[in-house]
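**Student:**
Protein chains: 2
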Amino acid sequence: MNPIKVGLLGIGTVGGGTYTVLKRNQEEITRRAGRGIIVSMIADRDLERARSFADSSVIVTDNAQDIVTHPDIDIIVELIGGTTIAKDLILTAIAQGKHVVTANKALLANHGTEIFAAARDKGVMVAFEAAVAGGIPIIKSLRESLTANRIEWIAGIINGTANFILSEMREKSLPFAPVLDQAQKLGYAEADPAYDIEGIDAAHKITIMSAIAFGIPVQFDKAYIEGITKLTQEDISYAEELGYRIKLLGITRRVETGIELRVHPALIPARRLIANVEGVMNAVVVKGDAVGATLYYGAGAGAEPTASSVIADLVDVTRMQTADPMHRVPTLSFQPDLLSDTPVLPMEAVETACYLRLQVIDKPGVLAEITRVLADFNISISAMIQKETGGEGDTVNIIMLTHKTLEKNTNAAIAKIESLPVVSGKVTRIRIEELNG
Amino acid sequence: MNPIKVGLLGIGTVGGGTYTVLKRNQEEITRRAGRGIIVSMIADRDLERARSFADSSVIVTDNAQDIVTHPDIDIIVELIGGTTIAKDLILTAIAQGKHVVTANKALLANHGTEIFAAARDKGVMVAFEAAVAGGIPIIKSLRESLTANRIEWIAGIINGTANFILSEMREKSLPFAPVLDQAQKLGYAEADPAYDIEGIDAAHKITIMSAIAFGIPVQFDKAYIEGITKLTQEDISYAEELGYRIKLLGITRRVETGIELRVHPALIPARRLIANVEGVMNAVVVKGDAVGATLYYGAGAGAEPTASSVIADLVDVTRMQTADPMHRVPTLSFQPDLLSDTPVLPMEAVETACYLRLQVIDKPGVLAEITRVLADFNISISAMIQKETGGEGDTVNIIMLTHKTLEKNTNAAIAKIESLPVVSGKVTRIRIEELNG
């Protein structure tokens with residue numbers, strides 16, 4: 001089957017990430033989608049930048065209009081931003097019967113109703129996972145996974161810039177202005193940071209989630225918006241003393257009289273998981289009447305995290321276009337005739353760091369004996385503490401953390417150590433998982 | 001359009017939850033699914049229990065075979081559990097062309113390949129969101145939302161019983177045995193707790209996720225499984241001293257030579273979000289090459305959380321059966337002609353608790369003046385602290401936390417307080433969100 005053809009409008013940060021990830025992971029993406037997905041046209045005002053990404057087979061233009069009307073293009077990915085040109089291009093693409101994938105939260109929060117209606121009339125899809133919380137699949141979760149629930153409320157840290165600033169203010173006891181400077185230097189905040197620090201960006205996102213959660217039209221103009229510019233380090237630290245963290249939250253809640261829709265700084269109990277979301281990361285908590293609270297956490301911005309959501313939408317549209325409905329999503333995500341025979345490894349072949357606890361007789365030379373055994377099996381130690389066990393006379397606990405080691409070697413070393421006369425009983429081994437993001 | 005008809009096999013905890021939530025939220029579920037979803041037959045060995053749930057129009061039987069072969073039934077929900085009778089019933093249902101929704105992780109981890117192939121041959125869906133991590137939508141996220149990514153690893157706290165035991169051991173410095181007793185008394189652990197505490201249940205779940213993440217067949221027999229029964233309070237506390245928490249993790253990871261698939265206790269850095277998942281809650285971290293780490297958190301078991309996932313699958317099947325493909329999932333989750341006109345409330349109509357900071361002249365009667373104003377606007381105080389501002393002579397900071405109050409009243413009270421001669425400058429107001437699960 002021919003690959004599905006994508007026209008990419010705008011190849012800045014997210015556009016570049018989308019092009020790169022689609023290319024790098026094309027084999028797995030094809031196995032999942034059941035069909036190749038290729039970018040065949042790119043529009044950008046900066047032709048040189050566009051050409052620096054594009055393979056030779058890709059048509060590059062500075063006229064986006066050429067792409068949205070081009071008969072070969074199946075799906076338009078709109079990453080230009082703004083609410084004027086982008087809107088025209090999307091409506092033209094829809095009128096031409098093309099599906100649209102967009103990350104444009106400002107546009108959808110303001111003109112979503114018009115755009116969704118146009119798409120519906122033409123029988124095309126408008127997908128926008130990337131518009132809310134970057135790489136976190138919150139749109140699909142709300143739309144397809146929490147469908148059993150009467151949603152009670154949503155609260156989200158949905159602006160990474162603002163969260164970075166608040167995290168830094170708290171952790172380093174700094175005032176707002178120098179932290180904003182730093183965020184700008186690190187590229188986390190725009191030269192004009194108003195959208196992020198005044199809460200407008202967060203309001204776009206919570207407006208979109210509100211519509212999906214409660215089945216109401218998108219109504220950005222009704223949102224209450226208050227940013228973080230007036231927050232002082234003093235209040236952050238008083239809040240901490242009271243057991244709270246201050247976060248910029250987007251909140252929408254159903255109450256008896258209507259729907260609340262608001263963005264403002266809020267004190268959250270420090271013990272809540274979401275209160276511990278730091279730096280540029282995003283998280284959204286959704287409270288449903290059946291499921292209770294679920295939380296979704298991940299990178300809320302950035303080239304490849306946002307591209308992850310753009311491409312998820314592309315795969316969604318492709319599966320829908322390609323498979324018969326009942327086989328739209330393969331049971332194991334990959335097409336069943338394209339499963340891999342990559343072997344599952346036996347535990348002996350797995351490498352992990354380990355926590356080892358040994359009970360040893362406290363006399364000279366014991367440690368030398370043990371570390372000799374570890375060295376013989378190529379196991380190196382990253383930390384060690386010695387503890388009195390208290391009561392057993394001469395016996396002490398030695399705790400060692402190892403660097404990553406093949407399980408087979410750790411097993412052999414443990415067996416050898418347990419056979420030493422100076423070691424009493426069994427060695428306790430618990431594996432360590434750093435889980436680095 | 002006629003409602004889609006569901007046959008429910010087993011009306012224990014999850015079956016009861018499914019019946020209850022489907023009925024309670026039927027109006028919203030119908031608006032999302034585009035069609036009603038009703039349970040029209042229930043099979044359970046305990047007829048009395050089944051009848052206690054069932055409305056008079058529901059056919060109740062103790063013979064599940066009657067349901068899986070009944071021509072009126074469109075979807076079978078299998079909540080019997082086990083790998084023998086449940087397997088036969090599911091295969092019979094598939095052979096009859098019925099879609100199947102199941103929460104049976106043991107069955108899928110062991111016989112998934114056979115069942116998925118049968119479903120594929122008959123062109124029906126087998127959906128199993130509820131089989132992994134209860135109410136957390138991790139299956140759909142892996143299958144439909146992270147499709148751009150080369151998945152690197154998944155690590156999950158996917159057994160609430162084991163996590164409850166480890167949380168209690170750490171927080172209360174208790175050994176394993178009495179905490180297990182307590183878990184059994186609280187209903188968090190079965191009379192025979194082996195599946196949970198020996199890691200078997202977690203291994204079923206990580207086996208299923210492994211297949212979806214890496215496009216390999218389900219291979220439960222290859223999983224390495226080690227439970228928590230040998231963990232001592234001593235090791236938990238040493239780990240803490242070293243900056244780690246011990247959690248029972250299900251882990252699957254792609255390395256150069258193959259796929260790791262394992263369940264065992266692990267030390268995790270205490271600063272990781274997942275290390276702070278306590279009690280019976282579940283969480284899964286997925287590392288993708290594009291998106292980075294995303295985390296999904298929620299209730300991993302229980303009647304209604306698990307029902308939330310069962311019903312999400314029912315809505316998925318119903319949407320697929322009912323709408324033309326391009327309109328399968330409505331853009332805003334609800335059918336566009338069934339949006340609600342519930343009003344978005346003005347901020348003045350919103351109720352929140354607040355943090356208020358005032359700078360006041362430190363002299364007798366000041367506090368009485370301020371609390372009088374608050375009382376006049378019906379605002380009650382839950383906590384108060386007084387702080388020297390340091391340097392400004394007579395001025396002190398007073399911080400008050402209020403109970404929930406109408407924004408309108410808080411605004412009026414603040415204006416009034418700011419006009420008092422003993423108060424200098426503006427009142428700082430930051431709203432409080434408890435975000436109770």
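These protein sequences, in sequence, are chains A and B. Positions 1 to 437 (UniProt numbering) are the ones given, in order, by the first sequence. Positions 1 to 437 (UniProt numbering) are the ones given, in order, by the second sequence. The beta carbon of each residue, even a glycine, is placed where N, CA and C say it ideally should be.
1. Report the rounded CA-to-CA distance for A:THR405 versus B:ASN159, giving the unit in angstroms.
2. In the DSSP assignment, find the unbroken beta strand (DSSP E) run with A:GLU388 in it and report its ends.
3. Ordered along the chain, which non-local residues of its own chain (more than five positions away) have a Cβ less than 6 Å from that of A:ALA106?
4. So, for A:GLU348: in the same chain, excluding its five sequence neighbours on each side, which residues have a beta-carbon less than 8 Å away from its beta-carbon?
5. Please report the residue range of the beta strand (DSSP E) in which B:SER40 lies.
6. Can a CB atom of chain A be found closer than 8 Å to the CB of B:TYR238?
7. Given that a residue counts as buried once 16 or more other Cβ atoms are within 10 Å of its Cβ, and exposed if not, what is B:MET1?
8. Based on the DSSP output, what are the partners of A:MET281 in its beta bridges?
9. Tell me the rounded alpha-carbon separation between B:ARG32 and B:LYS98.
10. Examine chain B for any beta-carbon lying closer than 8 Å to the beta-carbon of A:ILE311, and answer yes or no.
11. When the distance is taken between beta carbons, is A:ALA130 closer than 8 Å to A:VAL14?
12. Closer than 7 Å by beta-carbon distance: list the chain A residues that pair up with B:GLN219, in chain order.
13. Does the beta-carbon distance from A:LEU295 to A:ILE268 come in below 8 Å?
14. Pull up the distance between the alpha-carbon of A:SER309 and that of A:LEU22, whole angstroms please.
15. To which residues of the same chain is B:GLU198 closer than 6 Å at the C-beta, ignoring the five residues directly before and after it?
16. Have a look at A:ALA375 and B:PRO265 and give me their C-alpha separation to the nearest angstrom.
17. List the endpoints of the continuous alpha helix (DSSP H) containing A:LYS83.
18. Let me see if you follow: with CB-CB separation under 8 Å, is A:LEU295 close to chain B or not?
19. Could you check whether the Cβ of A:GLU144 sits closer than 8 Å to any Cβ belonging to chain B?
20. Where A:ILE154 and A:ALA177 are concerned, what is the direct C-alpha to C-alpha distance, given to the nearest angstrom?
21. By the 10 Å Cβ neighbour count, where 16 or more other Cβ atoms means buried, how is B:LYS426 classified, buried or exposed?
22. Nearest CA to the CA of B:LEU8: which residue from B:PHE116, B:TYR244 and B:ARG51?
23. For B:VAL317, tell me which candidate among B:VAL329, B:THR306 and B:ALA307 has the shortest Cα-Cα distance.
24. Take A:ARG253 as the anchor and find which of B:GLY215, B:LYS247 and B:LEU345 has the nearest alpha-carbon.
25. Of all the beta strand (DSSP E) runs that stay within the bounds of the UniProt domain "ACT" (355-432) of chain A, which reach a length of 3 or more residues?
26. Taking its Cβ as the centre, do 16 or more other Cβ atoms sit within 10 Å of B:GLY187, making it buried, or is it exposed?
27. So, is the C-beta of B:TYR355 closer than 8 Å to a C-beta in chain A?
28. Around the C-beta of A:THR232, are 16 or more other C-beta atoms found within 10 angstroms, so that it is buried, or is it exposed?
29. Ignore the nearest five residues each way along the sequence and tell me which others in B:LEU47's own chain have a CB closer than 7 Å to its CB.
30. With distances taken from CA atoms, which of B:GLU256, B:ASN25 and B:PRO71 is nearest B:SER40?
31. Which class does A:VAL317 belong to by DSSP, given the choice of helix, strand or coil?
32. At a Cβ threshold of 8 Å, is B:PHE164 touching chain A?
33. Measuring only the C-alpha atoms, how far is A:ALA353 from A:SER382?
34. Please determine, among A:ILE76, A:ILE236 and A:GLY17, the residue with the shortest C-alpha to C-alpha distance to B:ALA148.
35. Give, in chain order, every residue of the stretch 206-232 of chain A whose Cβ lies closer than 7 Å to some Cβ of chain B.
36. Answer with yes or no whether the minimum CB distance from A:LYS105 to chain B is below 8 Å.
**Tutor:** Based on what the coordinates show:
1. 27 Å
2. 381-388
3. THR83 and HIS204
4. LEU406, GLU407, LYS408 and ASN411
5. 37-43
6. yes
7. exposed
8. A:ALA299
9. 22 Å
10. yes
11. yes
12. VAL344
13. no
14. 12 Å
15. GLY227
16. 25 Å
17. Strictly speaking, residue 83 of chain A in this sequence is Thr, with Lys absent from that position. Here A:THR83 belongs to no alpha helix (DSSP H), and DSSP marks it neither H nor E.
18. yes
19. yes
20. 30 Å
21. exposed
22. B:ARG51
23. B:VAL329
24. B:LEU345
25. 381-388, 395-402 and 423-432
26. exposed
27. yes
28. exposed
29. VAL60 and ASP62
30. B:PRO71
31. helix
32. no
33. 9 Å
34. A:GLY17
35. ALA211, ILE212, PHE214, GLY215, ILE216, PRO217, GLN219, LYS222 and TYR224
36. no
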